[in-house]
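Undergrad: Counted the way our numbering counts, the sequence shown spans residues 171 to 367.
Even for Gly, the Cβ is constructed at its ideal location relative to N, Cα and C.
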Amino acid sequence: MDQKNQERIEKILAERRVESEASPSLIDLYRNALSKEFPSEFPCEINGLFLENNFTGDDELDYLNFEKIFKGNRWNEVDLSLMHEVHVQFNYMSPIGKKYYLPALLSFFYDMRYSNMEYYTYLLSSLRHWSISQTIDERKAAGESLGFLLAYTGLNDSQAKLVAFFLANVANLSVSQYDAEMAQEALTNYWGNFLLY
Numbered sequence: 171m172d173q174k175n176q177e178r179i180e181k182i183l184a185e186r187r188v189e190s191e192a193s194p195s196l197i198d199l200y201r202n203a204l205s206k207e208f209p210s211e212f213p214c215e216i217n218g219l220f221l222e223n224n225f226t227g228d229d230e231l232d233y234l235n236f237e238k239i240f241k242g243n244r245w246n247e248v249d250l251s252l253m254h255e256v257h258v259q260f261n262y263m264s265p266i267g268k269k270y271y272l273p274a275l276l277s278f279f280y281d282m283r284y285s286n287m288e289y290y291t292y293l294l295s296s297l298r299h300w301s302i303s304q305t306i307d308e309r310k311a312a313g314e315s316l317g318f319l320l321a322y323t324g325l326n327d328s329q330a331k332l333v334a335f336f337l338a339n340v341a342n343l344s345v346s347q348y349d350a351e352m353a354q355e356a357l358t359n360y361w362g363n364f365l366l367y
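What follows is the structure, encoded as structure tokens:
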């Protein structure tokens with residue numbers, strides 16, 4: 171190859187590298203879509219997003235650790251990497267809070283590096299459980315609490331589609347067969363419907 175062709179190829183490769191580095195990654199595109207579809211404004215007073223702190227002993231410490239991560243932060247300001255520093259055993263959100271902070275969890279756990287955290291398992295289980303029976307009446311008949319029933323009620327189609335993208339990511343890329351099966355079951359039973367349009 172002559173010098174002129176070599177220089178032309180190097181120029182093309184350099185242009186492609188610049189274009190590639192300027193293009194958003196899949197996770198960036200997903201997070202941008204979450205930001206577009208889920209409002210960051212608090213839907214109610216901040217205290218309405220959480221269960222009341224009526225806990226004592228170790229449960230109160232757990233609640234306070236939880237509070238450090240979430241309370242006072244909009245969903246797009248929450249730093250879930252703090253869960254590597256503080257142990258949080260339970261989810262202390264009200265149904266409104268679970269729905270409001272859903273995009274924070276989807277965004278963080280879309281990156282499969284965090285799939286070994288308890289909250290990841292909680293999120294998958296919650297989305298799977300939601301998908302088992304599709305109507306409020308069926309869920310009430312099964313004895314589910316009203317709080318659980320309200321958690322994902324009212325998501326619009328675009329928001330539900332982003333949940334489905336998250337689950338498809340887990341179903342296809344998880345190193346845990348159990349997690350992949352949970353995600354696939356949630357997609358099959360309910361969330362996958364939103365991938366059709």
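1) Please specify which runs of the alpha helix (DSSP H), each continuous and at least 4 residues long, are wholly inside the region 173-200, giving them in chain order.
2) For W245, tell me which candidate among Q354, G227, I216 has the shortest Cα-Cα distance.
3) Measure the Cβ-Cβ separation of L340 and L294 and say whether it is below 9 Å.
4) Can you tell me which of F364, L365, N342 puts its alpha carbon nearest to the alpha carbon of E354?
5) Could you check how far apart the C-beta atoms of M253 and I266 are, in whole angstroms? I think they sit under 8 Å.
6) Do Y290 and D228 have their CB atoms nearer than 9 Å?
7) Taking only the alpha-carbon atoms, compute the straight-line gap between R201 and L332 and give it to the nearest angstrom.
8) What span of residues does the alpha helix (DSSP H) with V333 cover, start to end?
9) Bridge partners for F220 per DSSP, in chain order?
10) Quick one: what's got a C-beta closer than 7 Å to E211's C-beta in the same chain, skipping five residues either side?
11) So is the beta-carbon of G267 under 8 Å away from any non-hydrogen atom of the ligand FMN?
12) For the putative contact between L357 and A334, defined by C-beta atoms under 8 Å, what is the C-beta separation to the nearest angstrom?
13) Which of helix, strand or coil does DSSP assign to L366?
14) Less than 9 Å between the C-beta atoms of P273 and E207, yes or no?
15) Roughly how far, in whole angstroms, is the beta-carbon of Y284 from the beta-carbon of N261, given that I think they are within contact range, below 8 Å?
16) What's the C-alpha gap between M352 and E180?
17) Measure the beta-carbon distance from Y280 to V248 and round it to whole angstroms, keeping in mind my assumption that it falls under 8 Å.
18) Would you kindly check if the distance between the Cβ of F278 and the Cβ of D327 is under 9 Å?
19) Can you tell me the Cβ-Cβ gap for L325 and L297, rounded? I've got them flagged as a contact below 8 Å.
TA: By the coordinates alone:
1) 173-192
2) I216
3) Per the sequence presented here, residue 340 reads as Val, with Leu not at that position. Result yes, Cβ atoms of V340 and L294 sit closer than 9 Å.
4) A small correction: the amino acid at residue 354 is Gln; Glu does not occupy that position in the sequence shown. Here the closest residue by C-alpha is N342.
5) With 8 Å as the limit, M253 and I266 do not qualify as a contact, their Cβ atoms being about 22 Å apart.
6) no
7) 10 Å
8) 327-343
9) M263
10) none
11) Summarising the ligand content, the structure contains no ligands, and the ligand FMN is consequently not present.
12) 6 Å
13) coil
14) yes
15) Their Cβ separation, rounded to whole angstroms, is 16 Å, which puts Y284 and N261 out of contact at 8 Å.
16) 47 Å
17) Contact doesn't hold; Cβ gap of about 14 Å is too wide.
18) no
19) Not a contact, Cβ separation roughly 11 Å.
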